[in-house]
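A.B. asks:
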Amino acid sequence: MQASIQWVTLENNSNTAAVRGLAAVFNTGKTTGQIRSINGGLYWPQLQGLEGQDLRILFSDLQNWQWQNLELPAGLRKLPFATNVTFEKEVFARAQFSDQGLTGTYDLAAFDKTEDSLLVVPDGRRISAELSDGSITVSGDDLGDAVTGKSQVDGNLERRLPILEQLLSNQEYKLHVPLVEQPSILTWSNPISEGFEFPEQQEHVGDALVLIPLAIDETPAGSAFTVPSVFLSFQNSSGPLQPTPSGAYNSVVGEWQPMTNAQKIWLKYRLPAQVSPANLTRAVIRLSVRAPDREVQLVGQDQGVVEILESKRDVTSTVSFEIVDEKYLQLEEDGSYLFGFNITNAASGDDLSSPWQISDVQVQLSGTKTQ
Numbered sequence: 012m013q014a015s016i017q018w019v020t021l022e023n024n025s026n027t028a029a030v031r032g033l034a035a036v037f038n039t040g041k042t043t044g045q046i047r048s049i050n051g052g053l054y055w056p057q058l059q060g061l062e063g064q065d066l067r068i069l070f071s072d073l074q075n076w077q078w079q080n081l082e083l084p085a086g087l088r089k090l091p092f093a094t095n096v097t098f099e100k101e102v103f104a105r106a107q108f109s110d111q112g113l114t115g116t117y118d119l120a121a122f123d124k125t126e127d128s129l130l131v132v133p134d135g136r137r138i139s140a141e142l143s144d145g146s147i148t149v150s151g152d153d154l155g156d157a158v159t160g161k162s163q164v165d166g167n168l169e170r171r172l173p174i175l176e177q178l179l180s181n182q183e184y185k186l187h188v189p190l191v192e193q194p195s196i197l198t199w200s201n202p203i204s205e206g207f208e209f210p211e212q213q214e215h216v217g218d219a220l221v222l223i224p225l226a227i228d229e230t231p232a233g234s235a236f237t238v239p240s241v242f243l244s245f246q247n248s249s250g251p252l253q254p255t256p257s258g259a260y261n262s263v264v265g266e267w268q269p270m271t272n273a274q275k276i277w278l279k280y281r282l283p284a285q286v287s288p289a290n291l292t293r294a295v296i297r298l299s300v301r302a303p304d305r306e307v308q309l310v311g312q313d314q315g316v317v318e319i320l321e322s323k324r325d326v327t328s329t330v331s332f333e334i335v336d337e338k339y340l341q342l343e344e345d346g347s348y349l350f351g352f353n354i355t356n357a358a359s360g361d362d363l364s365s366p367w368q369i370s371d372v373q374v375q376l377s378g379t380k381t382q
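To convert, count from 1 in the sequence shown and add 11; that's the working numbering.
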């Protein structure tokens with residue numbers, strides 16, 4: 012049996028793919044047949060236990076080669092590989108912001124099965140994406156896990172989590188090594204033939220993790236849209252009655268800090284160019300915060316006057332707020348939209364005994380493109 016995990020990178024409007032990964036080959040007995048390729052690329056055998064063999068790799072042309080004098084012992088052996096694969100048709104993934112979120116179409120050629128799909132953006136954030144029958148939908152309604160983008164994890168995804176965690180770990184982004192340079196679809200699919208042949212191997216199982224950039228087209232003027240939170244990053248900002256940005260967020264390291272004193276927090280958001288300019292009609296704000304014995308207030312400002320729009324007390328998980336009054340959804344002079352929170356002093360009067368901390372803020376914006 013041969014099992015493999017494939018990492019596949021595609022390009023929009025291209026019919027080629029770069030495939031690399033790791034194969035695990037299990038033999039019940041010693042195998043003396045030849046490992047060969049009919050599609051270029053390279054498999055490099057695990058050499059431990061092969062000492063004393065006079066190994067050679069023979070290339071008959073750029074696409075065909077074979078290992079000679081290679082005897083594989085019984086048991087499991089790992090073989091890293093890398094190759095390029097050509098499809099009969101071009102692959103693509105295109106979408107635009109609509110009233111349903113981000114919607115579009117795709118064709119991944121030989122990768123006809125799609126599971127546990129994510130949309131990933133350059134700063135490392137991701138959200139669950141639905142890929143089905145050539146259609147893409149990213150609604151943003153599901154507040155997902157930091158790695159999986161999903162609120163629930165099934166058996167298959169649990170098995171795949173170690174790979175996702177390695178690819179999408181925050182540490183990679185702190186080191187400024189982004190996985191993607193533009194919004195991209197990441198999906199699990201069926202493995203494809205790499206063009207390698209193993210002796211006595213009839214069954215081939217495994218997974219392919221496929222990455223393709225997503226082309227996002229401009230939303231037509233006059234059309235309604237919803238922008239999922241993954242496309243909206245914030246800037247810690249000053250605001251009305253708050254001359255300097257709040258210390259609750261460290262912009263240098265990109266992390267929320269534990270606090271004990273009351274804070275006024277203002278966050279600036281900018282719409283993607285594909286839906287600008289626009290009239291906003293709705294904002295959904297999801298705040299993940301632990302603030303026992305305190306009040307969390309959503310605030311808005313109308314011509315410099317700050318008003319408390321909604322309050323929640325003793326918050327220890329994720330809470331949602333909604334703004335539908337357009338006077339609190341107006342464009343600032345610098346082209347941004349401003350949203351604010353107040354975290355009050357502890358009701359007991361003992362702030363030190365009731366520390367609080369925000370862990371995440373997600374904002375989803377809806378409106379109509381005006382031009």
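Using N, Cα and C, we set each Cβ at its ideal position, and we do this for glycine too. The model shown is predicted, which means the values in this text are computed figures rather than measured ones.
1. Run through DSSP, which three-state label would alanine 28 get?
2. If you draw a straight line from the alpha carbon of arginine 293 to that of glycine 86, how long is it in whole angstroms?
3. If you reduce the DSSP assignment to three classes, tell me which class aspartate 304 lands in.
4. Can you give the beta carbon distance from glutamate 205 to phenylalanine 92, rounded, assuming they're within the 8 Å contact cut?
5. So what does DSSP say about phenylalanine 122, is it helix, strand or coil?
6. Tell me the residue span of the beta strand (DSSP E) that contains glutamine 382.
7. Can you tell me the Cα-Cα spacing of isoleucine 138 and glutamine 79, whole angstroms?
8. Buried or exposed: where does alanine 284 fall if 16 or more other Cβ atoms within 10 Å of its Cβ makes it buried?
9. Rounded to the nearest angstrom, how far is the Cβ of proline 239 from that of asparagine 247, given a contact under 8 Å?
10. Under a three-way DSSP split, which group does lysine 89 fall into?
11. Report the three-state DSSP secondary structure of valine 191 (helix, strand or coil).
12. Let me know if phenylalanine 332 comes out buried or exposed under the rule of 16 or more other beta-carbons within 10 Å of its beta-carbon.
13. Give me, in chain order, the residues of the same chain whose beta-carbon lies closer than 8 Å to that of alanine 289; leave out the 5 immediate sequence neighbours on both sides.
14. Excluding the 5 residues preceding and the 5 following proline 202 in the sequence, name in chain order all residues of the same chain whose CB lies nearer than 6 Å to its CB.
15. Under a Cβ-count criterion, where at least 16 other Cβ atoms within 10 Å of its own Cβ denotes burial, should glycine 112 be classed as buried or exposed?
16. Give me the Cα-Cα distance between tyrosine 117 and valine 295, rounded to the nearest whole angstrom.
17. Could you check if arginine 170 is buried or exposed, using at least 16 other CB atoms within 10 Å of its CB as the buried criterion?
18. Can you give the Cα-Cα distance for proline 194 and alanine 104, rounded to whole angstroms?
19. For proline 133, count neighbouring C-beta atoms within 10 Å of its own C-beta (all shown protein chains included) and say buried if the count is 16 or more, exposed if not.
20. Check isoleucine 147 in the structure and name its three-state DSSP category.
21. In its own chain, which residues sit with a C-beta less than 7 Å from the C-beta of aspartate 325, not counting the 5 before and 5 after it?
22. Looking only at its chain, what residues have a beta carbon closer than 7 Å to the beta carbon of leucine 342, apart from the 5 residues adjacent to it on each side?
23. From which residue to which residue does the beta strand (DSSP E) around glutamine 246 run?
24. How is proline 224 classed by DSSP in three states: helix, strand or coil?
25. Taking its Cβ as the centre, do 16 or more other Cβ atoms sit within 10 Å of threonine 198, making it buried, or is it exposed?
26. Please name the residue, chosen from Val316, Val335, Ala273, that lies closest to glutamine 308 on a Cα-to-Cα basis.
27. Quick check on the DSSP output: the beta strand (DSSP E) that includes serine 71 runs from which residue to which?
28. If distances are taken between C-alpha atoms only, which option among Asp110, Tyr260, Gln64 comes closest to threonine 230?
29. Would you check if the distance between the CB atom of phenylalanine 245 and the CB atom of valine 372 is smaller than 8 Å?
30. By how many angstroms is the C-alpha of isoleucine 334 removed from the C-alpha of glutamate 321?
31. Going by the CB atoms, is the gap between valine 191 and valine 131 shorter than 8 Å?
32. Let me make sure I understand the geometry here. Which of Ser200, Ile369, Leu21 has the alpha-carbon closest to that of arginine 297?
33. If you drop the 5 nearest sequence neighbours on each side, which residues of the same chain put their C-beta closer than 8 Å to that of asparagine 26?
34. Compute the minimum distance between the beta carbon of glutamate 176 and the heavy atoms of the ligand MG, and state whether it is under 7 Å.
35. Nearest to glutamate 82 by alpha carbon, out of Asn75, Leu66, Trp277?
36. Looking only at its chain, what residues have a beta carbon closer than 7 Å to the beta carbon of leucine 69, apart from the 5 residues adjacent to it on each side?
C.D. replies: From the atom records:
1. strand
2. 60 Å
3. strand
4. 6 Å
5. coil
6. Careful: glutamine 382 lies outside any beta strand (DSSP E) and carries neither H nor E.
7. 47 Å
8. exposed
9. In fact, because the Cβ distance is near 21 Å, the residues do not count as touching under 8 Å.
10. strand
11. coil
12. buried
13. Phe236, Leu282, Gly378, Thr379, Lys380, Thr381
14. Ser15, Gln17, Gly217, Ala219
15. buried
16. 28 Å
17. exposed
18. 11 Å
19. exposed
20. strand
21. Pro303, Asp304
22. Tyr348
23. 245-248
24. strand
25. buried
26. Ala273
27. No beta strand (DSSP E) contains serine 71, which DSSP labels as neither H nor E.
28. Asp110
29. yes
30. 9 Å
31. yes
32. Ile369
33. Thr97, Phe98, Glu99, Lys100, Glu101, Val102, Ala120
34. The model on display carries no ligand, and the ligand MG is accordingly not part of it.
35. Leu66
36. Trp76, Gln77, Gln79
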